[in-house]
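Below is one structure, written out as structure tokens, with a few remarks after it.
Protein chains in written order, with our numbering: chain A, 1 to 328; chain B, 1001 to 1315.
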């Protein structure tokens, strides 16, 4: 296994050097102690958490909420709250410094009981960071509970940053790899630092002429939207891992369709979104076969419609509140 | 009588059919003794689990069972069960080896929650354990897990490879197969050697001489050609003929769910039958038909409505 760089603040790599790092450090120095680190996998969320714990001389504790034994929702809510609370209060015997809690992840809290977030606000003995990967914090169900939490957005590092990262690892291990292979690894990682590490490891063990197998990336929402609206859906990953992702995509489509289509096509596009919405409702009852229709209808169905406007799309998030409001 | 799938399972990397690329990578890792977490992805029956076991055997020698644990989909996939088993296995030190291997067979059937939890467990136990996932659909694995793993892709086997395998079994079991039988076996098994071996074993009980027709009769697959001709007739406006073809198909014991699923495959893959421009429209209707059947409508009436819709398509 390759040795990895230590988690230090000045080792944190990002597209605009010092931006995210500076923001977090400034907020911590101002006394803020509740954070949400929101961003795609492999963008450096846990690295930064470790790095600043280290530099402030604090102890980092990672809590994975999915590892808690769950019973039912009401006790699960207490369980999550108590676990975080206890970790925040307990001090190690020889160490009186305060703690940084890195909690994986926010989506779990929101799916169990968002009120936990309110209750945790009273804790001041530790810095609490919630990890969030899919932007759930910007949707309706969590928003009102997140006041007082500073939301830090992480972005996928670009290829230049990833390449620097790769060379840093190689230098640390005193290993040379041909640049052409490093470039391939960087390109294949699609903005995920952890993929770079894994592929470098494979390259070092299996030799220079290795073939690289692509991974699936989750952050394809905007790529997907673009592919639908430009009519070029070839080569895009149309698979939804869960019904909630399909639902989110549907809402984004519904939000953006009026700025792309008009007339007959507008009607046809909404017809298709509405159709897949009905099917989605059925998937919840374990009819997974229906998902293939949804993929086909949403992607090829909508992208093949004529009469597209050439308006530039804005990627402001939809108003989730309206979509999730019920009529009762 | 021994199961052929066990009898003909490769015992070392040189016996693995096809998959040169992945096997070479595994061999290199084995040589350096440096194994990463891995995802072995590929269609069923092409050697994923076999390779994982072969890796463990070559790495750990006689004591491989002590350092290797397999959790497969038939085991309880509740998170607490996985957690318990992994914890217990990973806690103790590996015996005469740098680490242990945990194989999560059919890893893509793990729930999202379980995968989120595994992310942490992989980090926690990385000093004593390597996790190997064998999956059919790589995209069902969440990105944080994918990025922590080396990915080895297993290709569907080529026709030559499948033939080589058939010949091997035929030789040692003294079976006679003509070329049509081999073609048929290759077609119905879709490169899945496990399915192929099982089918061949059951056929060998009937006769040592195997023909193409025998294979098709026993395989129980839906005849794609018939579906195509049925759809074609419907699109061309010959409703009665189309209905007759599908009635025959249903008569052979095909259920409506399978039939719709096969039709879906034909619709999205074959542009000769359904024109690209109306494809999504047809899929929408098909989806609605499926939906109505799930809601409790009479399958055959809904299906006929779909056929009738096809005949309204313009050319």
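In this text, a Cβ means the ideal position worked out from N, Cα and C, and glycines have one as well.
When CB distances to chain A are screened at a threshold of 9 Å, the residues of the segment 1277-1298 of chain B falling below it are 1277, 1279, 1280, 1281, 1283, 1284, 1286, 1287, 1288, 1290, 1291, 1294, 1295, in chain order. From the listed residues 323/A, 317/A, 269/A, 261/A, the smallest Cα separation to residue 298/A is found for 269/A. With 16 or more other CB atoms across the displayed protein chains lying within 10 angstroms of its CB, residue 131/A is buried. Within the segment 1111-1191 of chain B, the complete beta strand (DSSP E) segments at least 3 residues long are 1129-1135, 1150-1153, listed from N- to C-terminus. Along the segment 259-285 of chain A, the positions whose C-beta sits under 7 Å from a C-beta of chain B are 272, 275, 278, 279, 282, read in chain order. Not one beta carbon of chain B lies nearer than 8 Å to the beta carbon of residue 145/A.
For residue 1249/B, the enclosing alpha helix (DSSP H) stretches over residues 1239-1251. Shown here, residue 1013/B sits in a helix according to DSSP, grouped into three states. Along the length of the segment 199-260 of chain A, whole beta strand (DSSP E) runs at least 3 residues long do not occur. For residue 1149/B, the nearest CB of chain A lies under 8 Å from its own CB, placing it at the interface with that chain.
In terms of beta-carbon proximity, residue 1268/B lines the interface with chain A, with at least one pair separated by less than 8 Å.
Contact residues of the segment 33-61 of chain A toward chain B are 41, 42 (C-beta to C-beta distance below 7 Å). Neighbours of residue 161/A in chain B, taken as residues whose beta carbon is under 8 Å from its own, are absent, since the nearest beta carbon is some 16 Å off. In the structure shown, the three-state DSSP call for residue 28/A is helix.
In the structure shown, residue 127/A falls within a strand segment according to DSSP collapsed to helix, strand and coil.
In this structure, DSSP gives residue 1214/B a helical state, which the three-state scheme calls helix.
When the alpha-carbon of residue 5/A is set against those of 168/A, 129/A, 261/A, 240/A, the nearest one is in 168/A. Put simply, the segment 1167-1174 of chain B does not touch the segment 1028-1041 of chain B. Fewer than three CB pairs are less than 8 Å apart.
Proximity of residue 1231/B to chain A, defined by a Cβ-Cβ separation below 8 Å, is not satisfied. Using a CB distance cut-off of 8 Å, residue 1069/B does not count as an interface residue toward chain A. Contact annotation, residue 1117/B with residue 67/A: C-beta distance approximately 5 Å; criterion of less than 8 Å satisfied.
In this structure, the straight-line span from the alpha carbon of residue 147/A to that of residue 1047/B is close to 52 Å. Residue contact check for residue 1313/B against chain A: no CB pair falls below 8 Å. Between residue 1260/B and residue 1298/B, the C-beta spacing is not below 8 Å.
Residue environment: residue 1004/B is assigned as buried (16 or more neighbouring CB atoms within 10 Å of its CB, all protein chains considered).
Scanning its chain for C-beta atoms nearer than 7 Å, with the 5 sequence neighbours on each side dropped, one finds around residue 50/A the residues 7, 60, in chain order. With 16 or more other Cβ atoms from the protein chains shown falling within 10 Å of its own Cβ, residue 1235/B counts as buried.
Secondary structure at residue 1254/B: coil, using DSSP grouped into helix, strand and coil. Taking 8 Å as the CB threshold, residue 292/A lines the interface with chain B. The C-beta of residue 1153/B comes closer than 8 Å to at least one C-beta of chain A. A residue is called buried when at least 16 other Cβ atoms come within 10 angstroms of its Cβ; residue 1140/B meets this threshold and is buried. Put simply, the CB of residue 1090/B is far from chain A, with every gap to its CB atoms at 8 Å or more. For residue 48/A and residue 14/A, the gap between their C-alpha atoms comes out near 11 Å. Taking residue 23/A as the centre and dropping the five residues before and after it, the same chain places the C-beta of 152 closer than 7 Å to its C-beta, in chain order.
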